[in-house]
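Q: When the letters of the sequence shown are read in order and numbered with the numbering used here, they come out as residues 9 to 432. Below are the C-alpha cells for one structure; questions will follow.
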Amino acid sequence: RRRGGKGSTLPRKPSEMSEGPTGMPPMSAPWANAASASSPEDQQRLLQEKLARAKLMKPGAVQPPAVPPNAHRSPPASPVKSPPASPGLVRAPWAVEPPVLGEDEGEGNGEESPVVFIELEGIKREFKFRNPTKVIKTPQDLQTFKKSETYAALRDFILALNNSCMGKPLTGHVHVSPHCESIIGILQRASHIVDEIPPTEQPMRYGNKAFRTWMDRWASEVYKLVEDALPPPLKPAAVELAPYLAHCFGNKERIDYGTGHEHTFVTFIAALAHVGFLEESDLEAIAMRVFWEYLKVARKLQLTYRLEPAGSHGCWSLDDYQFIPFMWGSAQLIDHPTILPTHIHDLGVVKDGADDWYYLHCIKFIHEVKSGQLAENSPMLNDISGCPTWQRVNSGMLKMYFAEVMDKLPVIQHMMFGSIFKAS
C-alpha cells in the first residue's frame, strides 16, 4: 500500500508526524525559527515541562498520573534554572550532545565563555568560544548550511590550499612558520600515542578495540595540547578548537574512519585561520607539511587498528578512507613534464614518486592493502586515469569533493558548529 494511504501500516514521514504521546515537539536545527511563547510565564512553564520530561527518562523514574488536557496549570512561583549537564543526567532527545574530550577537559565546558575580541585585517571581530555541536539533521538543514557564510568560507579555504600546492612536490622547500610547527608537533604526539598502545589480540580482522583506548588517551590530552599551542589572547578558543582535533581520526564506537573525519581536520585548520592563528602565508605549509603529517597519523591508525572504512564504499570509490590527497595530489601534478594520469598503472613510477606526490602516495597505499589491479579494486581511479591532463583530473576532483562530501547529508551531518563557524 502507498505510504499514508487509507489503512496503511507504514509510518508517516517525520514531516507529517504530529507530537507523540509524550508531547515532545519535533526536532529542528538551531537556526530554525521556533515559535516563541506569548509571555514570560508561558516560557517558564515550557521550560519546566521539558525538565520534567528529561527527569522521567531516567531509569526507574516513576510516571506521574495523567493530567487532563484542559487542566489548569499555574505558572511556577519562582524562576527555575536548567541544571548543568552531568554524567548522571539523561539528556532530552531534542538536546544536542556536546563532544566529550575526556575527564580532564570537562572542566568549564558548560560554563559561559568570556567575549574575546580579535582584530583581523583591520576589523575587530567578536567571539564567544564554546563547545561546538552537531546541528545538521535534515535535508532542509543541509540546504541552509550550503547557503551560509561558513560553507563559502570552507569552500574558498579548500580551493586556496588546492592552488597553493600546484606543481610543487612534497619534498620541495616550504617555509614553515612557528604556528604550523606547533600543529605538526601536536600531530606527532598523536602518532607517539599509537606506539604506546599496541593492538589487542582478537578474532575480528577489522576494528581492533585498542583504538578506543587510543581515542580515550588522545581525548584526555588534546585540549591541553591545543591550549598550549595558542598565544595568550587565543587560549579561550581551545574549548571550541579541541573537539575538532579530538574527532578527526575516526569514530570511537564504530572503530571506523572516512571522509567526514578528514573534513573535520580541514575544518580545524580553517578555524585556526579564521581566528588569525594561521595566515595566508601559511597556505603552502598547511597543504604540504601540516596535512602530510595528519595523513601519516591517519594511515598509521588505519593500519595499526584495522579501522573500518566509514560508509558503504569508503571514500566514494577513490580508496577506502581518503579524498583530499587525491584532490591536492592532482593539483601538484598539473603540467608535470613526464608523469601523466595513465602512469598510475606503472608500479615503477608510483614507487619512485610516492614520497613526492600525494596522488602517487595514495596509489601506492592501495597496492599495499589490496590485491589485484586498479580496475578491480579501484574502478573510479582506473576510469580517471583515462583523462588526458592533470588539470582536468583536478577540476573533476574539486567538483566531486563538494558534491559527494560537503553536499552529502550522511557525511556533513557530523560537522560541528560553534562561534567560529556558525551553522547559518
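Using N, Cα and C, we set each Cβ at its ideal position, and we do this for glycine too. Computed from a prediction, not measured in an experiment: that's the story for all the values here.
1. Unbroken alpha helix (DSSP H) runs of length 4 or more, entirely within the stretch 229–279: which are they?
2. What's the C-alpha gap between residue 353 and residue 340?
3. Count the CB pairs spanning the stretch 388–395 and the stretch 238–246 that are closer than 8 Å, and state whether there are at least three.
4. Return the bridge partner residues of residue 142 from the DSSP annotation.
5. Would you kindly report the start and end of the unbroken alpha helix (DSSP H) that includes residue 308?
6. Going by DSSP, which residues form a beta bridge with residue 135?
7. Which residues in the same chain as residue 190 place their Cβ atom closer than 7 Å to its Cβ, once the five residues preceding and following it in sequence are excluded?
8. With DSSP collapsed to three states, give me the class of residue 387.
9. With a threshold of 16 other CB atoms inside 10 Å of the CB of residue 330, please say whether the residue is buried or exposed.
10. Less than 8 Å between the beta carbons of residue 309 and residue 257, yes or no?
11. In chain order, what residues of the same chain have a beta carbon less than 8 Å from the beta carbon of residue 355, not counting five sequence neighbours either side?
12. Using the three-state DSSP reduction, which class does residue 317 fall into: helix, strand or coil?
13. For the stretch 253–273 against the stretch 136–146, do three or more pairs of beta-carbon atoms, one drawn from each stretch, fall closer than 8 Å, so that the two count as touching?
14. I need the straight-line Cα distance from residue 342 to residue 305, nearest angstrom please.
15. What are the complete alpha helix (DSSP H) segments, minimum 4 residues, inside the stretch 139–218?
16. How many Å lie between residue 159 and residue 214 at the Cα?
17. I'd like the list of long-range same chain contacts for residue 316, defined as Cβ closer than 7 Å, with 5 residues on each side in sequence excluded.
18. With 16 other CB atoms within 10 Å as the buried threshold, where does residue 140 fall?
19. May I ask you to report which of helix, strand or coil DSSP gives residue 359?
A: Looking at the atomic coordinates:
1. 246–254
2. Numbered from 1 along the sequence shown, position 345 holds the residue referred to as residue 353. Numbered from 1 along the sequence shown, position 332 holds the residue referred to as residue 340. Each residue's alpha carbon lies about 18 Å from the other.
3. no
4. Here the question's residue 142 lines up with position 134 in the sequence shown. In DSSP, residue 142 forms a bridge with 424.
5. The residue given as residue 308 occupies position 300 in the sequence shown. Here the alpha helix (DSSP H) through residue 308 covers 299–312.
6. Here residue 135 refers to the residue found at position 127 of the sequence shown. DSSP, once it has assigned bridges, lists 124 as partnering residue 135.
7. Translated into the one-based positions of the sequence shown, residue 190 becomes position 182. Cβ within range, chain order: 237.
8. Working through the sequence shown from its first residue, we reach residue 387 at position 379. Three-state result, residue 387: helix.
9. Numbered from its first residue, the sequence shown carries residue 330 at position 322. Classification of residue 330: buried, given that the 10 Å Cβ count is 16 or more.
10. Mapped onto the sequence shown, residue 309 falls at position 301. Mapped onto the sequence shown, residue 257 falls at position 249. For residue 309 and residue 257, yes; Cβs fall inside 8 Å.
11. Walking along the sequence shown from the start, residue 355 turns up at place 347. Hits under 8 Å: 375.
12. Stepping through the sequence shown from its first residue, residue 317 is reached at position 309. Residue state, collapsed to three classes: strand.
13. no
14. Within the sequence shown, the letter at position 334 stands for residue 342. Within the sequence shown, the letter at position 297 stands for residue 305. For residue 342 and residue 305, the distance between alpha carbons rounds to 27 Å.
15. 147–154, 157–172, 186–204
16. Reading the sequence shown from its first residue, position 151 is the one you call residue 159. Reading the sequence shown from its first residue, position 206 is the one you call residue 214. Rounded to the nearest angstrom, the two C-alpha atoms are 34 Å apart.
17. As a first step, residue 316 is located in the sequence shown; it is residue number 308 there, counting from the start. Here the set comprises 214, 215, 262, 263, 264.
18. Working through the sequence shown from its first residue, we reach residue 140 at position 132. Classification for residue 140: buried.
19. Along the sequence shown, one-based indexing puts residue 359 at 351. Reduced to three states, the DSSP call for residue 359 is helix.
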